[in-house]
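See structure below.
In the numbering used here, the protein residues as written are 29 to 343.
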């Protein structure tokens, strides 16, 4: 579907780019990444990704708004359901019942949302100050709501048409809500924040870009989060590119999740006479039967990866 969009939109944008080539560049700029994958038939799924960056740059000030959304809807496996009205005894398995097919619809499987606003002002050719705020939700990682406000200073190490490298350092305040209350973590904390952006032009049409953010709790230095997103884009016209990126989200203390406590067991009969009451279960590592013995909590994985191939449109 992305390929089809390229064939339809590409020529129009290319012609439009030629007309605008001589026009003066305004203070507003916008880039939009779109990705869409849909399957229908034996497998039913829909994945949608949107990433938009809107910027306003005037003299020594920059205002930027970023929106990032990723959602995947999938259906459960098809199954046959026994028709209503059949009567059978507990423990009995019906033989040859009449059935009808059930094909479940799409339901949310992966949802990630991120919004960030930033203001940056140039104090000198190599020094800036910045302030901003962000909000994100990642239910797969156990994060229902996380709000961060931050401010700091930065350095511009390189600012050329073919290469841009800048870093920032400052303080932050985080307020987060996770699916399960975690006694080992603070819901609100003051933190230290580091950021970096590197952009490099490879040849005439290829651009390498990397965004890095590190947020550390000053109240518990073992609690920190890292967001690293390298990407490569290839221009097909003045306004249209193909882009691939890999986002790595690392949490040193990931959220908790509720899980079943399952025992794999085999039945042991000491005297070999079934049904006389001396049988017992013996837990084993694999095989046997599964028995749910209760519920417990488990920390989610530290690292989440998201690979995207998308269509990038710039204005």
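Think of the CB as a built atom: it goes at the ideal place given N, C-alpha and C, for glycine as much as any other residue.
As the structure is a prediction and not an experimental result, all values here were calculated from the model.
Sheet register partners of residue i (DSSP bridge)
{"i": "residue 60", "result": "80, 341"}
{"i": "residue 239", "result": "225, 257"}
{"i": "residue 330", "result": "Its beta-bridge partners do not exist; DSSP assigns none."}
{"i": "residue 100", "result": "75, 138"}
{"i": "residue 265", "result": "Partner(s): none; residue 265 has no beta bridge."}
{"i": "residue 318", "result": "292"}
{"i": "residue 218", "result": "201"}
Residue i and residue j closer than 8 Å at C-beta
{"i": "residue 338", "j": "residue 62", "result": "yes"}
{"i": "residue 139", "j": "residue 167", "result": "yes"}
{"i": "residue 221", "j": "residue 282", "result": "no"}
{"i": "residue 244", "j": "residue 219", "result": "yes"}
{"i": "residue 210", "j": "residue 284", "result": "yes"}
{"i": "residue 134", "j": "residue 74", "result": "yes"}
{"i": "residue 171", "j": "residue 286", "result": "no"}
{"i": "residue 296", "j": "residue 317", "result": "no"}
{"i": "residue 262", "j": "residue 233", "result": "yes"}
{"i": "residue 321", "j": "residue 289", "result": "yes"}
{"i": "residue 214", "j": "residue 247", "result": "yes"}
Residue range of the unbroken beta strand (DSSP E) whose run includes residue i
{"i": "residue 270", "result": "268-279"}
{"i": "residue 162", "result": "155-166"}
{"i": "residue 232", "result": "Taken as a continuous stretch (DSSP letters only), residue 232 belongs to no beta strand (DSSP E), as it is neither H nor E."}
{"i": "residue 250", "result": "First-last for residue 250: undefined, no H or E at that position."}
{"i": "residue 200", "result": "191-206"}
{"i": "residue 310", "result": "308-311"}
Given residue i as reference, the closest of the options once Cα atoms are compared
{"i": "residue 79", "options": "58, 297, 305", "result": "58"}
{"i": "residue 188", "options": "92, 113, 281, 228", "result": "228"}
{"i": "residue 181", "options": "213, 239, 158", "result": "158"}
{"i": "residue 127", "options": "255, 234, 112, 120", "result": "112"}
{"i": "residue 223", "options": "306, 184, 170, 211", "result": "184"}
{"i": "residue 164", "options": "87, 267, 253, 83", "result": "253"}
{"i": "residue 272", "options": "255, 334, 137, 287", "result": "334"}
{"i": "residue 81", "options": "266, 142, 125", "result": "142"}
{"i": "residue 106", "options": "226, 304, 132", "result": "132"}
{"i": "residue 100", "options": "336, 343, 115", "result": "336"}
{"i": "residue 92", "options": "242, 103, 149", "result": "149"}
Where residue i falls: helix, strand or coil (DSSP)
{"i": "residue 325", "result": "strand"}
{"i": "residue 291", "result": "strand"}
{"i": "residue 169", "result": "helix"}
{"i": "residue 300", "result": "coil"}
{"i": "residue 93", "result": "strand"}
{"i": "residue 285", "result": "strand"}
{"i": "residue 106", "result": "coil"}
{"i": "residue 131", "result": "coil"}
{"i": "residue 142", "result": "strand"}
{"i": "residue 41", "result": "Below a pLDDT of 50, predicted positions are generally treated as unreliable, and residue 41, at 39, falls in that range; the measurement from the model is reported next regardless. Residue 41: helix per DSSP, three-state reduction."}
{"i": "residue 213", "result": "coil"}
{"i": "residue 115", "result": "coil"}
{"i": "residue 176", "result": "strand"}
{"i": "residue 120", "result": "coil"}
{"i": "residue 150", "result": "strand"}
{"i": "residue 88", "result": "coil"}
{"i": "residue 182", "result": "strand"}
{"i": "residue 336", "result": "strand"}
Minimum Cβ-Cβ distance from residue i to chain B less than 8 Å
{"i": "residue 330", "result": "In the displayed structure, chain B is absent; only one protein chain is listed."}
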